[in-house]
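See below for the structure under consideration.
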Amino acid sequence: MRDEAAFRAFVEENGATLLHAARLLTGDHQRGEDLVQTVLTKVYLKWGRIDAPLAYARRALVTAQIDASRRRWWGERPTETLPETAGADGLAPAEDRDQLRRLLAELNPRERVVVVLRYYCDLSEQEAAATLNMPVGTVKSTCSRALARLRVELTAGGAGQ
Amino acid sequence: MTWDESELRAALHEGEGEPLSAGHIVALAEARQQRRHDRIRTAAVAVVVTGLLGGGIGALSQLGGGGESAGSDSAAGGQAYSSVGGDQAANGSAASAPGTSGEKAAGGAAPLVPGPQAALAATCAAHPVAVHWPRDATATTTAPLFGAEVTAIRLCGYRGNAHGVQTLRGSTTLRGTQAQRLADSVDASPPGVRAISCPPPRYSRSVVLYPVSGTTSGTTVLLDATCGINVTDGRAQRLDWNPPSALRNVLDELTN
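Protein sequences, first through last, are from chains Z and R. Letter by letter, the first sequence follows residues 1 to 161 in this note's numbering. Letter by letter, the second sequence follows residues 1 to 256 in this note's numbering.
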């Protein structure tokens, strides 16, 4: 029997974090919501059969995002300029935050996932490696490479401004 | 602009906190599960319907196949019949439906058919009718098997399989002199009691004869070729009948 109350409590506690992680992973407000809905639906249907729901949800989130990025997406075309997106408070995001988000979106999917797991979800390298089912060394190197790219791009962007 | 990891963390956390509706997720999940169940149910129904259709078609085709094999039996009977050159219409109808009314018509040693035309038109039974062999050498065993004047004899030929089960292989009707010759040659054979020490009847052959004398049907006669060719009508019997060569060919065709 599925414990709906426990699931609701889980969503109350972790839903916002998962939603924000999904938005960071997809780089898109709407697609982030779709992604987290899909993942939480899976969690609900398996509720009671999974030991660590949050870890399961994180893994499902990154797996779905990496799978989605491998698929060719015909529904949307890349544009030269990103559309303006409202922040959570309905106001325009701060410039630095906006720039960092843009740069994060330019990382390749695996780098982006590692950065989000390490610096947004605050997972250790071991936890991130377990979530991504990859060696710790790969997580380290991927993370290091991603941060270097962010620094370079941010520095170049800052210098250009 | 430079930044460290703590600033990266802070930047990534900015904008979070938008709550998610658990009720919405639950509703989505329930709907998804319902759709999945519907799909499974639909697939199961489709499998069952397909299975039933397949079974029905298979059964129908088997029926069709059975009809064909019955037809070939009939055809064999028809061929044997036509090769003898006797009657046409009666045998044609008889061969078209073996084992139906014929089983009733040929159901015992005594004639069950009302008249000679019916006897000749009777369909052969799928298996030979039971005619009991006399066990003692009484006076009746020497009595003639056929009437004085035989005008026609309907013959149903059977052959046994490896398990000794005999099934219909062909049928024909002899008329006139051919019928009389058969009757005479059988009755001319030595009377006696059939030996019990016969080998098991594997691949055995037998022919059931329905004689007609004038306007009356005679007693059904069984011609058994297990140990030689022995003939009986349940009362009298003849042993080691040696059929005329022309009749031997007919009997071979009927029981092959």
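Each residue gets a CB set at the ideal place from its N, CA and C atoms; glycine is no exception.
Outcome for residue i when other beta-carbon atoms lying within 10 angstroms are tallied against a minimum of 16
i: R/Asp224; result: buried
i: R/Gly23; result: exposed
i: R/Ile40; result: exposed
i: R/Ala246; result: exposed
i: R/Asn230; result: buried
i: Z/Gly90; result: Low per-residue confidence applies at Z/Gly90: pLDDT is 38, beneath 50, and the placement is therefore not dependable enough to give any value.
i: Z/Ala9; result: exposed
i: R/Ala162; result: exposed
i: Z/Ser144; result: exposed
i: R/Thr255; result: buried
i: R/Ser204; result: buried
i: Z/Glu111; result: buried
i: R/Thr123; result: buried
i: R/Gln178; result: buried
i: R/Ala183; result: buried
i: R/Ala11; result: buried
Beta-carbon spacing of residue i, residue j below 8 Å
i: R/Thr167; j: R/His127; result: yes
i: R/Val187; j: R/Arg238; result: Val is not the amino acid found at residue 187 of chain R; the sequence shown has Asp there. A contact, by the Cβ cut-off of 8 Å.
i: R/Thr220; j: R/Asp233; result: yes
i: Z/Gln99; j: Z/Leu154; result: yes
i: Z/Glu164; j: R/Val45; result: Residue 164 of chain Z cannot be examined here, being either before or after the span of chain Z that is shown, 1 to 161.
i: Z/Leu54; j: Z/Val39; result: no
i: R/Phe146; j: R/Gly192; result: no
i: Z/Ala22; j: Z/Val36; result: yes
i: R/Leu120; j: R/Arg169; result: no
i: R/Glu16; j: Z/Thr17; result: yes
i: Z/Leu19; j: Z/Leu104; result: no
i: R/Ser185; j: R/Pro144; result: no
i: Z/Arg49; j: Z/Thr131; result: no
i: R/Gln33; j: Z/Leu45; result: yes
i: R/Ser171; j: R/Gly160; result: no
i: Z/Arg118; j: Z/Ala128; result: yes
Contact set between residue i and chain R, taken where Cβ atoms lie within less than 8 Å
i: Z/Tyr44; result: Ile25, Val26, Ala29
i: Z/Val36; result: Leu20
i: Z/Arg8; result: Ala22, Gly23, Val26
i: Z/Glu106; result: None at all; the shortest Cβ gap to chain R is about 15 Å.
i: Z/Leu132; result: In chain order: nothing, as chain R lies at least about 18 Å away.
i: Z/Leu24; result: Leu12
Beta-bridge pairing of residue i - partner residues as DSSP gives them
i: R/Arg159; result: R/Thr167, R/Arg205
i: Z/Tyr120; result: Answer is none; Z/Tyr120 lacks a bridge partner.
i: R/Pro211; result: R/Ile153
i: R/Gln237; result: R/Thr232
i: R/Pro191; result: R/Arg238
i: R/Val221; result: R/Leu209
i: Z/Leu25; result: According to DSSP, which records beta bridges pairwise, Z/Leu25 is partnered with nothing at all.
i: R/Leu174; result: R/Ile153
Whole-angstrom distance between residue j and residue i, CA atom to CA atom
i: Z/Val113; j: R/His37; result: 34 Å
i: R/Asp240; j: R/Leu251; result: 15 Å
i: R/Pro214; j: R/Arg235; result: According to the sequence shown, residue 214 of chain R is Gly rather than Pro. Roughly 22 Å separates the two Cα atoms.
i: Z/Val115; j: R/Arg9; result: 10 Å
i: Z/Thr138; j: R/Ala43; result: 44 Å
i: Z/Val11; j: R/Leu20; result: 7 Å
i: R/Arg181; j: R/Thr226; result: 22 Å
i: R/Asn242; j: R/Pro190; result: 10 Å
i: Z/Glu106; j: Z/Pro135; result: 24 Å
i: R/Ser151; j: R/Arg135; result: Sequence inspection shows Thr at residue 151 of chain R; the Ser mentioned does not correspond to that position. Going by the C-alpha atoms only, they are around 30 Å apart.
i: R/Leu222; j: R/Ser206; result: 7 Å
i: R/Val208; j: R/Thr141; result: 18 Å
i: Z/Ala156; j: R/Arg35; result: 51 Å
i: Z/Tyr120; j: Z/Thr142; result: 16 Å
i: Z/Arg102; j: Z/Gly27; result: 8 Å
i: Z/Lys140; j: R/Gly51; result: 56 Å
i: R/Gly56; j: R/Val47; result: 14 Å
i: Z/Thr63; j: Z/Arg149; result: 23 Å
i: R/Gly58; j: Z/Thr41; result: 45 Å
i: R/Glu30; j: Z/Arg2; result: 11 Å
i: R/Trp133; j: R/Gly164; result: 18 Å
i: Z/Arg31; j: Z/Phe7; result: 23 Å
i: R/Val129; j: R/Ala148; result: 24 Å
i: R/Ala125; j: R/Gly54; result: 33 Å
i: Z/Ala68; j: Z/Ala57; result: 16 Å
i: Z/Glu13; j: R/Glu18; result: 12 Å
i: R/Val131; j: R/Pro211; result: 15 Å
Any non-hydrogen atom of the ligand ADP within 7 Å of residue i CB
i: Z/Leu104; result: This structure does not include the ligand ADP; it has no bound ligands of any sort.
Closer than 7 Å at the beta carbon, the chain R residues around residue i
i: Z/Thr174; result: Any answer about residue 174 of chain Z is impossible in this case: the structure gives chain Z only from 1 up to 161.
i: Z/Glu125; result: None at all; the shortest Cβ gap to chain R is about 13 Å.
i: Z/Arg11; result: In the sequence under discussion, the amino acid at residue 11 of chain Z is Val, which differs from the Arg named in the question. Within chain R, the residues near Z/Val11 are Leu20, Ala22, Ile25.
Within chain Z, the residues that residue i reaches when beta carbons sit closer than 8 Å
i: R/His37; result: Residues of chain Z passing the Cβ test: none, with the nearest at roughly 12 Å.
i: R/Arg9; result: Tyr119, Tyr120, Asp122
Closer than 9 Å at the beta carbon, the chain R residues around residue i
i: Z/Val113; result: Near Z/Val113 there are no residues of chain R at all, since even the closest Cβ is about 13 Å away, more than 9 Å.
Chain-ordered chain B contacts of residue i [CB-CB under 8 Å]
i: Z/Thr17; result: Here the protein chains are Z and R, and chain B is not one of them.
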